[in-house]
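First comes the structure, then the notes that go with it.
There are 2 protein chains.
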Amino acid sequence: MAKTTTPPDQNGTKTLSDQAYQRLRSDIIHGVLQPDEKLRVEHLRQEYGVGASPLREALSRLTADGFVTAEGQRGFLVAPMSEEDLADITRLRILLEKQALCQSIESGDDAWESQIVAAFYQLEKVEESTDRDPVEWEVRNHDFHEALIAGCTSKWLRRFYSILYDQHKRYRNIALSTEIPRDLHQEHEELRNAALERDQKRAGDAIEHHILRTAEITQRVLREESLQKKERA
Amino acid sequence: MAKTTTPPDQNGTKTLSDQAYQRLRSDIIHGVLQPDEKLRVEHLRQEYGVGASPLREALSRLTADGFVTAEGQRGFLVAPMSEEDLADITRLRILLEKQALCQSIESGDDAWESQIVAAFYQLEKVEESTDRDPVEWEVRNHDFHEALIAGCTSKWLRRFYSILYDQHKRYRNIALSTEIPRDLHQEHEELRNAALERDQKRAGDAIEHHILRTAEITQRVLREESLQKKERA
DNA sequence: TTCAAGTTATTTATCGATATTTTTTGTAAT
DNA sequence: ATTACAAAAAATATCGATAAATAACTTGAA
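Chain order of the listed sequences is V and U. 1 is the number of the first residue of the first sequence in this note's numbering; add one for each residue after it. 1001 is the number of the first residue of the second sequence in this note's numbering; add one for each residue after it.
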């Protein structure tokens, strides 16, 4: 039978709140909206083409996620960034991703193994290509890490991990506006092998080392940036 | 100089959104709003005496916290409860509280020790009194656990732990409408001693054992309730 | 009786408007 | 100059109303 006239799916996501949420989240993670920047609802209205209500709902959710801070009656701000915060996120991400990975190794099946192999292959392709697209790499890297913990059935662990991964990603994006080449491939390979061999200890160490190394570089760039900032003042 | 007429602080918290958020959160945790219950904004408006906007903002935040689920264009629901979810929360709470406790033991100072002793004493008083007020106990229990991890400086660890603690509390409150007496005192004492002696291993084991035991009882009651539910159908 | 289609009714999601609150600007006095 | 105060401007938080979507109900036919 024929439906009325409206298409069932207007724009990928359903509600305007969701759209605003995803776009704001993405813009914060990718540095389009800078840390400590004031989020004026009136201004965002025009920019995003939605009303104040959906925006405020999206901002409320982002507040709970830690991407936005909301002060009393003084509106919303993009969450600040600091070395301490990065260190904090890093430490906790290691704890959670290690846990998720171990659970995954315990209960992962054949399909899980296949996904890891496939995701690693795609990531390898991007890492070894000459013209490395950073956006492409981000996607493949995320897919690989997701594949590793795909066997983890804990809803809450996934929820928290997902937040921390994106928080970490924000630091990477903001700090590495100048891309820094590094030999990640070796770490990814060790991670893949340890997982496929079901060696929890080795995989745990590998993921810890991998995250720590990534964070170190980000932290160094962050420190340099904040030094330059102080010099200007 | 004289201000206009309005008192500067209407009701403890500042915005109506915050008030609605806290009240909804509390009502969900304490079972006033039951799992899977539909949260009709129009109805809540009258009940809480606030407009739709602050309510929707509060519900959005609670969605991010996992106390409420929001489906597409079908409104808000109180988050469901299940044995699997309880097991999930329990496992992750152990991981996080253990971590927070160990960090706390490492960096806790004299004031931290004092707080633990004081909180334990107050908790002891409630536990040993003849007419045990469950609400009083909840507060003292929370204070004690907070005191134990007060030395933990990780903002993110605290944030996630706080959510899990309250999620756990919801299960306790819903399942233990009939209060079940149990010997918690011994476990609390072991926890206190291990912390004061700065024994991370012992404290970690104690907190794990303590949370597991609590969850077991809650789970048993939950199972009985769900069985009774099925019998009626 | 059961199923299906159309209609009514409820409720959600959104927008525009209003009243406070905060921030900024301007002015005068020390 | 600098501080203090007052007035204006901007922006926030909130409410009431409207349009769109879902759910409930009724009716009619197999």
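Cβ atoms here follow ideal geometry from the backbone N, Cα and C, with glycine treated the same way.
- Counting the other CB atoms within 10 Å of its CB gives V/Leu-212 a total below 16, which places it among the exposed residues.
- By the rule that beta-carbons nearer than 8 Å mark a contact, U/Gln-1099 touches chain V.
- Chain V has no Cβ within less than 8 Å of the Cβ of U/Ala-1203.
- Excluding five sequence positions before and after V/Val-135, none of the CB atoms of its chain fall closer than 8 Å to its own CB.
- Only residues of its own chain outside the window of five on either side were considered, and among them Tyr-1171, Ala-1215, Thr-1218, Gln-1219 and Leu-1222 have a CB closer than 7 Å to the CB of U/Leu-1086, listed in chain order.
- Under the 8 Å criterion on CB atoms, U/Ala-1215 is classed as non-interfacial with respect to chain V.
- Between the alpha carbons of V/Ser-60 and V/Thr-130 lies a gap of roughly 42 Å.
- Judged by DSSP secondary structure, U/Thr-1069 falls within the beta strand (DSSP E) whose first and last residues are 1068-1070.
- Every alpha helix (DSSP H) of 4 residues or more that sits fully in the segment 1135-1176 of chain U is shown, in chain order, as 1155-1175.
- Measuring C-alpha to C-alpha distances from V/Leu-16 to each of U/Pro-1035, U/Glu-1047, U/Thr-1015 and U/Gln-1073 identifies U/Gln-1073 as the nearest.
- At a cut-off of 8 Å between beta-carbon atoms, V/Gly-66 makes contact with chain U.
- In this structure, the straight-line span from the alpha carbon of V/Arg-93 to that of U/Gln-1046 is close to 43 Å.
- Think of a sphere of 8 Å around the beta carbon of V/Thr-69: no beta carbon from chain U falls inside it, the nearest being about 12 Å out.
- V/Gly-66 counts as buried, since at least 16 other C-beta atoms from the protein chains shown sit within 10 angstroms of its C-beta.
- U/Phe-1144 is outside the set of residues whose beta carbon lies under 8 Å from a beta carbon in chain V.
- Taking a beta-carbon distance threshold of 8 Å, V/Thr-218 does not count as an interface residue toward chain U.
- The shortest C-alpha to C-alpha distance from V/Ala-79 to any of V/Glu-37, V/Glu-225, V/Glu-138 and V/His-185 is the one to V/Glu-37.
- In the DSSP assignment, V/Val-126 falls within the unbroken alpha helix (DSSP H) covering 110-128.
- U/Trp-1112 has a beta carbon lying at 8 Å or more from every beta carbon in chain V.
- When V/Glu-124, V/His-30, V/Ala-64 and V/Glu-71 are compared, the shortest CA-CA separation from V/Leu-39 is found for V/Glu-71.
- For U/Ile-1089, the neighbours in chain V by C-beta distance under 8 Å run, in chain order, Trp-156.
- In this structure, U/His-1185 sits near U/Glu-1127, with a CB-CB distance shorter than 8 Å.
- Burial of V/Thr-63 is indicated by the presence of at least 16 other C-beta atoms within 10 angstroms of its C-beta.
- DSSP places V/Leu-77 in no alpha helix (DSSP H) but in the uninterrupted beta strand (DSSP E) bounded by 76-78.
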